[in-house]
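Enquirer: Protein chains in written order, with this note's numbering: chain A, 1 to 468; chain B, 469 to 560.
Glycine included, every Cβ here is placed at the ideal spot set by N, Cα and C.
Since the structure is predicted, the reported quantities are computational estimates derived from the model, not experimental observations.
(1) Taking C-beta to C-beta, are residue 207/A and residue 522/B nearer than 8 Å?
(2) List the DSSP bridge partners of residue 448/A.
(3) I want to verify the contact list: residues of chain B whose CB lies under 7 Å from the CB of residue 246/A, in sequence order.
(4) Whose Cβ in chain A lies nearer than 9 Å to the Cβ of residue 486/B?
(5) Once you ignore the five residues that flank residue 284/A on each side, which residues in its own chain have a CB closer than 7 Å to its CB?
(6) Could you name the residues of the same chain whose beta carbon sits closer than 8 Å to that of residue 352/A, not counting the 5 residues immediately before and after it, in chain order?
(7) Buried or exposed: where does residue 150/A fall if 16 or more other Cβ atoms within 10 Å of its Cβ makes it buried?
(8) Let me know if residue 526/B comes out buried or exposed under the rule of 16 or more other beta-carbons within 10 Å of its beta-carbon.
(9) Short of 6 Å in beta carbon distance, which residues of its chain neighbour residue 547/B, apart from the five on each side in sequence? Order them along the chain.
(10) Identify, in the order they occur along the chain, each residue of the same chain with its Cβ nearer than 6 Å to the Cβ of residue 413/A, setting aside the five sequence neighbours on each side.
(11) Ordered along the chain, which non-local residues of its own chain (more than five positions away) have a Cβ less than 6 Å from that of residue 501/B?
(12) Alpha carbon to alpha carbon, how far is residue 46/A from residue 5/A? Give it in angstroms, no decimals.
(13) Give every residue of the same chain whose Cβ lies closer than 7 Å to the Cβ of residue 415/A, excluding the five residues on either side of it in the sequence, and list them in chain order.
(14) Which residues of chain B have a Cβ atom closer than 7 Å to the Cβ of residue 180/A, listed in chain order?
(15) Going straight from the alpha carbon of residue 532/B to that of residue 517/B, what length do you get?
(16) Give me whichever residues DSSP pairs with residue 299/A in a beta bridge.
(17) Starting from the Cα of residue 144/A, find the closest Cα among 43/A, 60/A and 210/A and give me that residue.
(18) Residue 512/B and residue 29/A: beta carbons closer than 8 Å?
(19) Can you find a CB in chain B that lies within less than 8 Å of the CB of residue 91/A?
(20) The alpha helix (DSSP H) that contains residue 328/A, what's its start and end?
(21) Do you know offhand how far residue 249/A's Cα is from residue 78/A's?
(22) With a threshold of 8 Å between beta carbons, is residue 207/A in contact with chain B?
(23) Assess contact between the stretch 173–182 of chain A and the stretch 110–128 of chain A, defined as three or more Cβ pairs (one per stretch) separated by less than 8 Å. Is contact present?
(24) Report, in whole angstroms, the separation of the C-beta atoms of residue 129/A and residue 199/A, which I expect to be a contact under 8 Å.
(25) Which chain B residues sit within Cβ distance under 8 Å of residue 53/A?
(26) Please state whether the Cβ-Cβ distance between residue 389/A and residue 317/A is less than 8 Å.
(27) Which residue or residues does DSSP assign as beta-bridge partners of residue 313/A?
(28) Is it true that the CB of residue 406/A sits closer than 8 Å to the CB of residue 417/A?
(29) Quick check on this structure: which residue in 263/A, 173/A, 443/A and 331/A has the alpha carbon closest to the alpha carbon of residue 290/A?
(30) Could you give the C-beta distance for residue 383/A and residue 308/A, rounded to a whole number, given that I count them as a contact under 8 Å?
(31) Just to confirm, does residue 79/A get its C-beta within under 7 Å of one of the non-hydrogen atoms of the ligand ADP?
(32) Measure the CB-CB distance between residue 310/A and residue 385/A and report whether it falls below 8 Å.
(33) Is the Cβ-Cβ distance between residue 490/B and residue 20/A less than 8 Å?
(34) Is there at least one Cβ from chain B nearer than 8 Å to residue 11/A's Cβ?
(35) For chain B, check one thing: does any of its Cβ atoms lie closer than 8 Å to the Cβ of residue 408/A?
(36) Considering just the uninterrupted stretch of the beta strand (DSSP E) at residue 557/B, what are its terminal residues?
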């Protein structure tokens with residue numbers, strides 16, 4: 001039986017690595033899902049048939065419930081994928097925290113307490129801290145993304161916030177250290193519960209000061225935490241399979257966090273403690289240059305006469321559910337021989353890769369989706385840049401305005417295109433709360449209105465035979 | 469008895485493999501990547517199965533069952549939504 005579980009763990013681990021490896025190309029990626037499912041099934045069955053498992057009905061019931069909730073969760077609209085992802089980080093954290101708690105109480109009630117060593121206690125403390133802080137932190141993030149009414153969207157800050165947050169975390173770790181040094185202490189259970197409670201509280205406090213623009217980074221960091229919680233669980237349960245799978249998840253979260261931070265020119269600490277997206281007190285000094293508004297007819301003409309068009313989508317496109325209208329515009333333009341590409345900023349949307357998924361859903365071929373670094377050299381030769389619900393990622397002041405929070409953030413060079421058409425819902429500033437001077441440049445024309453409605457009007461211009 | 473050294477060894481090697489493999493993942497697929505790694509790290513399900521199914525006191529088994537439910541939800545929704553998204557990526 002031991003051999004079966006060892007061999008199945010090796011097989012599952014290999015399949016997981018293959019699964020991730022196949023994600024390097026959209027052509028092979030679906031194979032990765034199959035490999036993952038097979039690996040997971042092997043691991044579950046090998047554990048289930050172990051002789052110490054006797055309460056089969058319980059396991060069966062929990063699995064059925066998992067399916068009952070999991071299947072609907074996999075069918076959410078793609079605009080809601082960031083929330084679903086945050087929710088699944090929360091579930092991962094919860095599972096780690098609960099298993100850690102269960103193991104702790106099993107072990108301290110054991111006669112002799114032979115299981116409890118300082119090393120195991122350390123792993124347990126880490127598992128429970130990471131698990132519960134990921135649980136509540138991710139729930140908060142999911143709530144903010146879902147725009148739940150009683151969770152404020154804008155960052156909430158107060159004086160001494162970082163001191164309070166760090167205090168809670170330091171206290172949890174101090175109690176943990178006391179338990180490691182003194183694993184058989186009579187106050188162990190109380191200390192352990194206090195650690196779990198402090199971690200739960202810390203998760204909430206951590207997300208309160210974080211705003212929408214930082215969500216791609218925060219989701220990635222929570223992903224890394226969820227992975228590390230699984231690693232800690234592996235150390236507790238002495239399971240190499242858990243350690244490996246958790247490490248794969250953790251390194252994925254780490255890499256995505258680094259990419260997201262770089263795409264905003266910010267550090268981890270700055271994201272977690274910087275309260276980005278607070279409305280900046282009146283940076284826009286000097287006179288406001290006037291906007292130049294364009295009619296739908298004029299915009300359609302500009303687009304039709306262009307040889308190449310770069311569309312720059314942002315979260316505004318997702319909010320307006322405009323991706324299918326984008327596809328219609330893409331079709332209308334390509335049919336007329338216009339080359340259309342999409343410029344994707346790494347932090348566009350609410351999670352890494354969000355724009356790509358939304359556009360793929362609208363049947364836009366992925367060969368038309370171009371990363372920021374690749375499209376920027378082409379921008380000066382671009383006839384029309386169509387900015388669709390993107391704001392901070394095309395703001396030229398990121399290049400030089402040191403006083404703004406977006407200073408130094410790499411941007412898509414929309415302003416270098418010969419003509420810029422910007423579709424914007426209102427005249428309000430973006431998430432970073434800063435004016436966007438792109439909108440008042442000489443070569444920029446504004447189209448005000450809901451992205452979906454504006455696009456529908458544009459497409460009508462092409463379809464209705466209005467212009468030729 | 470836990471062999472701390474060999475567990476740490478596995479952790480460090482797995483992290484390096486993870487970093488190497490993830491770095492090569494297509495930038496188009498970061499959203500499905502996250503849901504896939506989510507499902508994979510729900511391998512914590514094996515820990516929950518032992519806690520739920522073994523001959524433990526009732527309260528322990530309840531904690532285990534909730535953890536098992538949470539992991540199973542991640543496995544099911546993670547793999548299914550990953551596949552759903554990947555199906556949408558077409559070259560032409």
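Expert: By the coordinates alone:
(1) no
(2) Per DSSP, 424/A.
(3) 509
(4) Around residue 486/B, the beta-carbon contacts reaching into chain A at under 9 Å are 17, 20, 227, 244, 247, 248, 249, 250, 251, 252, 254 and 255.
(5) Residue confidence for residue 284/A is low, a pLDDT of 46 falling below 50, so the modelled location carries little weight; the figure read from the coordinates is stated next. So the list reads 435, once near-sequence residues are dropped.
(6) Excluding five sequence positions before and after residue 352/A, the CB atoms of its chain that fall closer than 8 Å to its own CB belong to 216, 219, 220, 256, 259, 260 and 346, given in chain order.
(7) exposed
(8) exposed
(9) Counting only Cβ-Cβ distances below 6 Å, and skipping sequence neighbours, we find 507.
(10) 376 and 379
(11) 493
(12) 6 Å
(13) 396, 438 and 441
(14) Counting only Cβ-Cβ distances below 7 Å, residue 180/A has no contacts in chain B at all, with the closest Cβ about 13 Å away.
(15) 7 Å
(16) Beta-bridge annotation (DSSP): residue 299/A is not paired with any residue.
(17) Nearest to residue 144/A by alpha-carbon distance, out of 43/A, 60/A and 210/A, is 210/A.
(18) no
(19) yes
(20) For residue 328/A, the enclosing alpha helix (DSSP H) begins and ends at 323–335.
(21) 22 Å
(22) no
(23) Contact holds between the stretch 173–182 of chain A and the stretch 110–128 of chain A, because three or more Cβ pairs, one in each stretch, are under 8 Å apart.
(24) 4 Å
(25) Result: 517, 518, 521 and 522.
(26) yes
(27) 388/A
(28) no
(29) Taking only the C-alpha atoms, the option nearest residue 290/A is 443/A.
(30) 6 Å
(31) The ligand content of the structure shown is nil, which means the ligand ADP is not present either.
(32) In terms of Cβ geometry, residue 310/A and residue 385/A form a close pair [threshold 8 Å].
(33) yes
(34) no
(35) no
(36) Counting along the chain, residue 557/B falls outside any beta strand (DSSP E), and DSSP gives it neither H nor E.
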